[in-house]
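Protein chains: 2
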Amino acid sequence: MNTTRNKDYTIDNEQLARFAKAMGHPARITILEYLSSLDCCYFGEIHNELPIAKATVSQHLKELKDAGLIQGEIETPKVKYCINKENWEKAQAYFETFFALNKEKIRCCN
Amino acid sequence: MNTTRNKDYTIDNEQLARFAKAMGHPARITILEYLSSLDCCYFGEIHNELPIAKATVSQHLKELKDAGLIQGEIETPKVKYCINKENWEKAQAYFETFFALNKEKIRCCN
DNA sequence: AATATTGTTCGTAATTTTGCGAACTAAAAT
DNA sequence: ATTTTAGTTCGCAAAATTACGAACAATATT
Numbered sequence: 003m004n005t006t007r008n009k010d011y012t013i014d015n016e017q018l019a020r021f022a023k024a025m026g027h028p029a030r031i032t033i034l035e036y037l038s039s040l041d042c043c044y045f046g047e048i049h050n051e052l053p054i055a056k057a058t059v060s061q062h063l064k065e066l067k068d069a070g071l072i073q074g075e076i077e078t079p080k081v082k083y084c085i086n087k088e089n090w091e092k093a094q095a096y097f098e099t100f101f102a103l104n105k106e107k108i109r110c111c112n
Numbered sequence: 003m004n005t006t007r008n009k010d011y012t013i014d015n016e017q018l019a020r021f022a023k024a025m026g027h028p029a030r031i032t033i034l035e036y037l038s039s040l041d042c043c044y045f046g047e048i049h050n051e052l053p054i055a056k057a058t059v060s061q062h063l064k065e066l067k068d069a070g071l072i073q074g075e076i077e078t079p080k081v082k083y084c085i086n087k088e089n090w091e092k093a094q095a096y097f098e099t100f101f102a103l104n105k106e107k108i109r110c111c112n
């Protein structure tokens, strides 16, 4: 019995879910908010904004980078982070489109 | 040694993260997209849209309900689901504000 | 050459998420 | 009084997430 599934969801829905998932933790929202308020900054400054260990901050940054929302650049011994503008705008467009869908139609059952 | 943490993140950032997390799975995006295209519908129709077992669909619906994005109403033996309009608009506003923040400022380090 | 600075990676633990089938519930239909 | 219908809840397993301290890497400074 083959229970593998194929193409369960649309690419767009998977992409939107990936962006949303990356934003699904308050630490990561805080990072994104902070980064979007600057041109860029170093790891240490981000760490200062957060109540968690540097190893954990590093992990969150990695997730944001994997989702494409931010980018990092080594400037030894520091690492400079910034918003990935292209994907940031892509994410924005995804959410906008998503919420705009059938906007006037929604009126619920009650 | 007390390692409890208090008020780590802003209420707004926690709320936005909660919305984002609820949207952080393609099945739940598909559900929301489907629901927002209708006034409302029954569990069975939602289940038909998805490639997963009904127990799993039920779980995803529970998460969306817990996040406040949808609401369910019993019409035995069926259950009617719909978007929670108030919170849906709240979520929309949260994302909009988030992405609008410093929009023109972002230009990255490169 | 040794030390300091700045982050990342590793190893680990606890918790949460995702998924399924089976059992259950509650009303409707027979 | 059974049976059917439509979902939910339970119990479980596998995988992913979150968090930390310790160890490491790579350059800069002394």
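Chains as they are written, first to last, in the working numbering: chain A, 3 to 112; chain B, 3 to 112. By construction, the Cβ of each residue, glycine as well, lies at the ideal position given by its N, Cα and C atoms. Predicted, not measured: the structure shown is a model, and the values here were computed from it.
- Assignment of Ile72(A) by DSSP, reduced to helix, strand and coil, places it in the strand class.
- Within chain A, Pro28, Ala29, Ile31, Thr32, Leu52 and Pro53 have C-beta atoms less than 9 Å from the C-beta of Tyr11(B), given in sequence order.
- When secondary structure is reduced to three states using DSSP, Ile54(A) falls in the coil class, being assigned neither helix nor strand.
- Here Tyr44(A) carries a strand assignment [DSSP, helix/strand/coil].
- In its chain, beyond the 5 residues on either side, Glu51 have a beta carbon closer than 6 Å to the beta carbon of Tyr36(B).
- Residue contact with chain A for Lys64(B): absent (no Cβ-Cβ distance below 9 Å to any residue of chain A).
- In the structure shown, Tyr36(A) adopts helical secondary structure according to DSSP, grouped into three states.
- Taking Cys84(A) as the centre and dropping the five residues before and after it, the same chain places the C-beta of Leu37, Asp41, Cys42, Ile72 and Gln73 closer than 7 Å to its C-beta, in chain order.
- For Phe101(A) against Gln94(B), the beta-carbon gap comes to about 4 Å, under 8 Å, which counts as contact.
- Taking a 10 Å sphere around the C-beta of Ala57(B), we find fewer than 16 other C-beta atoms and assign the residue as exposed.
- In its chain, beyond the 5 residues on either side, no residue has a beta carbon closer than 7 Å to the beta carbon of Asn15(B).
- Tyr11(A) sits in coil when the DSSP states are folded into three classes, being neither helix nor strand.
- Judged by DSSP secondary structure, Asn86(A) falls outside any alpha helix (DSSP H); it is assigned neither H nor E.
- Using a Cβ-Cβ cut-off of 9 Å, Lys23(B) counts as an interface residue toward chain A, since at least one Cβ of chain A sits closer than that to its own.
- Around the CB of Gly46(B), fewer than 16 other CB atoms lie within 10 Å, so the residue is classed as exposed.
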